[in-house]
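To keep things clear, I will list the structure first and then write my remarks on it.
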Amino acid sequence: MDRPFRFVVVTGPTREWIDPVRFISNPSTGKTGHCLASEALKRGFHEVIYIAGPVPERYQQVEGAQNIAVETTLEMGAAVRQQLADRTILVMAAAPADYTPAQISASKIKKSDKEGLSLQLKPTLDILKSIVEPARQLQGLFRVGFAAETDNLEEYAMRKLREKDLDMICANRVFKGETGFGENENALLIVDREGLQQWLGPGPKESLARLLLDRIELAVMAPAGGQRPKNK
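Counting from 1, one number per residue, gives the positions in the sequence shown under my numbering.
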């Protein structure tokens, strides 16, 4: 079955350079986004665009998709804005760095045994917030965000959904060795514009990608007031 929508998935971390040899990042591998793009291709979406940060080699490209590699949060934001269009599903499954050095050193910062190192940081571009106004000019742009949290999952998910004017948000708890970054399994709390909540998982990220795409397609294709999944 052909899906008359473009599918854009953004995945992986970003790097914010401190000096030529050090950077700020996180352990996101991009596996969830890779699984989503692969599943979208199987389902026959009109066009699949895969925007990936610096991820492990096995997740750098998706065969059959348009692959775009980025490194910094600014590069990721620019790539996302270039893909904004009518009848597009945008899934922001990436984990861009929240902060970047206020000043990047042109040379390697030398280690000192006597003094510590203090870095002045500033917020990076909030990619989803930056596209709120452009998105309002488009027809059929469906935006899905992700939120990785350690606590207050529901509260933070609802806040981000409103602040970033999303159609849906997927929130997950990050526990080292269990779920989240770098793990093979995950569990997602899905919240839509109406505040309807649904848990997916826990389970392998490949399975969750299929379930999440089912949920997205139901929301995109169903008319207003149409069939909705039951609250769980």
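Heads up, the beta-carbon is just placed ideally off N, CA and C, and yes, glycines get one too. As the structure is a computational prediction, the values presented were derived from the model and not from experiment.
Under 8 Å by Cβ, that's how I've got residue i and residue j pegged, so tell me the actual separation to the nearest angstrom.
i	j	result
Y99	I24	7 Å
V144	L161	The pair is not a contact, with the Cβ atoms about 10 Å apart (cut-off 8 Å).
A102	K122	5 Å
I169	A147	6 Å
V8	I89	7 Å
G53	E39	Actually they are not in contact, since the Cβ atoms of G53 and E39 sit about 20 Å apart, beyond 8 Å.
Please classify residue i: does DSSP put it in a helix, a strand, or coil?
i	result
L208	helix
K129	helix
K230	Any reading at K230 must be qualified, since the residue scores a pLDDT of 43, below 50, and its modelled position is unreliable; no value is offered.
E185	strand
P134	helix
A147	strand
I216	helix
G225	Only weak support exists for where G225 lies, its pLDDT of 40 falling under 50; the coordinates are left without a value.
L117	coil
G12	coil
R193	coil
K122	strand
L200	strand
A106	coil
L141	strand
Hey, is residue i's beta-carbon within less than 8 Å of any beta-carbon in chain B?
i	result
K111	Any reference to chain B falls outside this structure, which holds one protein chain only.
Just to confirm before moving on: does the CB-CB distance between residue i and residue j stay below 8 Å?
i	j	result
E16	A97	yes
M76	I18	no
L153	N186	no
P13	A106	no
L200	L218	no
V48	G33	no
L213	L84	no
L278	A157	Because the chain in this structure spans residues 1 to 232, residue 278 falls outside the shown range and cannot be described.
D192	L141	no
T124	T73	yes
R3	R43	yes
V62	L41	yes
P20	K108	yes
A79	I68	yes
A198	R215	What sits at residue 198 in the sequence shown is Gln, not Ala. For Q198 and R215, yes; Cβs fall inside 8 Å.
N184	P202	no
#### Entry: Completely contained beta strand (DSSP E) runs for the stretch 33–103, where each covers 3 or more residues
45–52, 66–69, 88–92, 99–101
### Task
Count the C-beta pairs between the stretch 109–120 and the stretch 136–153 that are closer than 8 Å, then say yes if the count reaches three, no if not.
Contact between the stretch 109–120 and the stretch 136–153 is absent, because fewer than three Cβ pairs lie under 8 Å.
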